[in-house]
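Numbering (our numbering), first residue to last: 129 to 225. For glycine and all other residues, C-beta sits at the position ideal for the given N, C-alpha and C. Since this is a predicted model, take the numbers as computed values, not measurements.
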Amino acid sequence: MAEVKVTITEITDTGGYPRFASAEFTDRYGEKHVFSDKLPIFARDDTDMTVPREGVIRCAVVGERDGFCVIDTEFPDDVEDSEGRYRFEVDERLVVR
């Protein structure tokens, strides 16, 4: 199991628990991917409402090449970007193993 680093950019719903948030990262091609999900998906401390701040999305590394990783965010938490995508190519420095 790995994690890809994201920036939590917005707390979108504070009316209940869990809170909801938006997070993003930029892939190897410069495209920004935005994710909306429960705050605990992105942050271990889901009581901290500070934004922007660092977070992660759990993922699987399905390929590696030339300093980049192909990651899949479908397993284990079923996290997709705003376009419905799960698979991304990112700089290997964004991936924590």
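Would you call the stretch 154–169 in contact with the stretch 138–146, where contact means no fewer than 3 C-beta pairs closer than 8 Å? yes
To the nearest angstrom, report how far apart residue 221 and residue 202 are at their CA atoms. Numbered from 1 along the sequence shown, position 93 holds the residue referred to as residue 221. Numbered from 1 along the sequence shown, position 74 holds the residue referred to as residue 202. Taking the straight line joining both Cα atoms gives about 20 Å.
Within 10 angstroms of the Cβ of residue 212, are there 16 or more other Cβ atoms? Answer buried if so, exposed if not. As a working note, residue 212 is residue 84 in the sequence shown. Under this definition residue 212 is an exposed residue.
I need the boundaries of the alpha helix (DSSP H) containing residue 216, first residue and last residue. Position 88 of the sequence shown, counting from 1, holds the residue named residue 216. In this chain, residue 216 is not harboured by any alpha helix (DSSP H); it is covered by the beta strand (DSSP E) spanning 215–219.
Can residue 170 and residue 218 be called in contact, C-beta distance under 8 Å? Position 42 of the sequence shown, counting from 1, holds the residue named residue 170. Position 90 of the sequence shown, counting from 1, holds the residue named residue 218. No; because the gap between Cβ atoms is not below 8 Å, this pair is not in contact.
Straight-line CA distance for residue 216 to residue 147? Residue 216 sits at position 88 when you count from the first residue of the sequence shown. Residue 147 sits at position 19 when you count from the first residue of the sequence shown. Taking the straight line from one Cα to the other gives about 26 Å.
Three-state class that DSSP yields for residue 170 in the structure shown: The count along the sequence shown starts at 1 and reaches residue 170 at position 42. DSSP places residue 170 in helix when its eight states are reduced to three.
Please report the residue range of the beta strand (DSSP E) in which residue 176 lies. What you label residue 176 is simply residue 48 of the sequence shown in a count that begins at 1. It is not in any beta strand (DSSP E) - residue 176 carries neither H nor E in the DSSP assignment.
Grab me the residues of residue 196's own chain with a C-beta within less than 8 Å of its C-beta, minus the 5 sequence neighbours each way, in chain order. In the sequence shown, residue 196 corresponds to position 68, counting from 1. 156, 217, 218, 219, 220, listed in sequence order.
Between the alpha carbons of residue 209 and residue 187, how many angstroms are there, rounded? Here residue 209 corresponds to residue number 81 of the sequence shown, with the count starting at 1. Here residue 187 corresponds to residue number 59 of the sequence shown, with the count starting at 1. Rounded to whole angstroms, residue 209 to residue 187 spans 13 Å at the Cα level.
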